[in-house]
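Chains as they are written, first to last, in the working numbering: chain L, 1 to 111; chain X, 1 to 112.
Presented below is the structure to which this report refers.
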């Protein structure tokens with residue numbers, strides 16, 4: 001079967017660091033994506049990992065371990081505007097880039 | 001600027017009605033997708049298209065069909081709407097060989 005697991009909710013404090021974990025079991029793998037979705041808005045692309053290791057982009061970093069079927073999204077220097085849902089998604093390959101999504105992690109940043 | 005536009009933000013339809021959800025992208029993308037998003041279930045792929053007049057079923061195609069007559073437009077059709085199709089519907093597009101998919105704002109459909 002195909003399964004992507006991530007925590008349902010997390011709470012963190014402004015200025016702190018938070019790590020959102022994602023584990024996956026899928027038939028076919030062509031990369032792992034993280035999307036951010038604010039309430040009532042479209043998901044927006046944050047990061048893409050296809051090789052093992054850490055990808056850093058400003059305050060956001062994403063890590064992938066293919067052998068463990070594991071990824072995390074690290075958010076540093078949290079700001080109130082980071083309160084959103086964070087969606088982990090796996091590409092099953094092919095030129096069309098079909099994605100299978102986890103249920104999302106709702107992050108609440110508190111003052 | 002990249003743009004995926006869905007024709008309606010909110011729709012209310014009656015059970016049994018035929019419903020059309022429209023999506024237009026202005027980026028000349030080959031690939032277009034329809035997802036539905038439900039609490040606790042995340043985004044699930046309904047149908048996708050990788051070229052004009054080409055379509056393939058996603059993970060939950062039952063009760064839906066699609067149409068792609070022009071490259072920029074991808075329509076999702078509910079032949080006979082049912083209450084279990086009440087959901088948020090999201091359209092996305094991507095360029096072949098590129099990793100990033102761009103999403104529309106979503107259509108919240110309520111079937112009563």
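A virtual CB, placed ideally from N, CA and C, is assigned to each residue, including glycine.
These numbers were taken from a predicted model, which means no experiment stands behind them.
Expressed to the nearest angstrom, what Euclidean distance is found between the alpha-carbon atoms of residue 35 (chain X) and residue 53 (chain X)? In the second chain, the residue the question calls residue 35 (chain X) occupies position 35. In the second chain, the residue the question calls residue 53 (chain X) occupies position 53. Cα to Cα, residue 35 (chain X) sits roughly 19 Å from residue 53 (chain X).
Determine the contact status of residue 83 (chain L) and residue 108 (chain L), defining contact as a CB-CB distance below 8 Å. For the purposes of this step, residue 83 (chain L) is taken as residue 83 along the first chain, with counting starting at 1. For the purposes of this step, residue 108 (chain L) is taken as residue 108 along the first chain, with counting starting at 1. Taking 8 Å as the Cβ cut-off, residue 83 (chain L) and residue 108 (chain L) qualify as a contacting pair.
Supposed contact pair residue 17 (chain X) and residue 81 (chain X) - C-beta distance, whole angstroms, cut 8 Å: Here residue 81 (chain X) refers to the residue found at position 81 when the second chain is read from its first residue. Here residue 17 (chain X) refers to the residue found at position 17 when the second chain is read from its first residue. Rounded, the Cβ-Cβ distance is 5 Å, consistent with contact.
Per DSSP, what kind of secondary structure is residue 76 (chain L) in: helix, strand or coil? Mapped onto the first chain, residue 76 (chain L) falls at position 76. Correct three-state label for residue 76 (chain L): coil.
My output table needs one value for residue 37 (chain L): the three-state DSSP class, helix, strand or coil. The residue you call residue 37 (chain L) lines up with position 37 of the first chain. In the three-state DSSP reduction, residue 37 (chain L) falls in the strand class (E or B).
6 Å CB neighbourhood of residue 59 (chain X) in its chain, flanking five on each side removed: What you label residue 59 (chain X) is simply residue 59 of the second chain in a count that begins at 1. Cβ within range, chain order: 44 and 45.
Does residue 70 (chain X) come out as helix, strand or coil in the three-state DSSP assignment? Walking along the second chain from the start, residue 70 (chain X) turns up at place 70. In the displayed model, residue 70 (chain X) falls within a strand according to three-state DSSP.
Here's the rule I'm using: 16 or more other beta-carbon atoms within 10 Å means buried, otherwise exposed. How should residue 18 (chain L) be labelled? Residue 18 (chain L) sits at position 18 when you count from the first residue of the first chain. Looking at its Cβ environment, which holds 16 or more other Cβ atoms inside 10 Å, residue 18 (chain L) is buried.
Tell me, please, whether the region 59 to 79 of chain X touches the region 57 to 75 of chain L by the rule of three or more beta-carbon pairs shorter than 8 Å. No, they do not touch.
Going along the chain, which residues of the region 40 to 58 of chain L sit with their C-beta nearer than 9 Å to a C-beta in chain X? Near chain X, meaning a CB-to-CB distance below 9 Å, the residues of the region 40 to 58 of chain L are 40, 41, 42, 43, 44, 45, 48 and 50.
Taking 8 Å as the threshold (C-beta atoms), are residue 94 (chain X) and residue 4 (chain X) in contact? The residue labelled residue 4 (chain X) in the question sits at position 4 within the second chain. The residue labelled residue 94 (chain X) in the question sits at position 94 within the second chain. The Cβ-Cβ distance between residue 4 (chain X) and residue 94 (chain X) does not fall below 8 Å.
Check this for me: beta carbons of residue 11 (chain X) and residue 83 (chain X), under 8 Å apart or not? What you label residue 11 (chain X) is simply residue 11 of the second chain in a count that begins at 1. What you label residue 83 (chain X) is simply residue 83 of the second chain in a count that begins at 1. Their beta carbons are not under 8 Å apart, which means residue 11 (chain X) does not touch residue 83 (chain X) by this criterion.
Anyone know if the C-beta pair for residue 61 (chain L) and residue 34 (chain L) falls short of 8 Å? Translated into positions along the first chain, residue 61 (chain L) becomes position 61. Translated into positions along the first chain, residue 34 (chain L) becomes position 34. Taking 8 Å as the Cβ cut-off, residue 61 (chain L) and residue 34 (chain L) do not qualify as a contacting pair.
Where does residue 125 (chain L) fall in DSSP's three states? The displayed coordinates of chain L run from 1 to 111. Any statement about residue 125 (chain L) would go beyond what the structure contains.
Looking at the unbroken beta strand (DSSP E) that takes in residue 26 (chain X), where does it start and where does it end? Stepping through the second chain from its first residue, residue 26 (chain X) is reached at position 26. Unbroken run through residue 26 (chain X): none, as it is neither H nor E.
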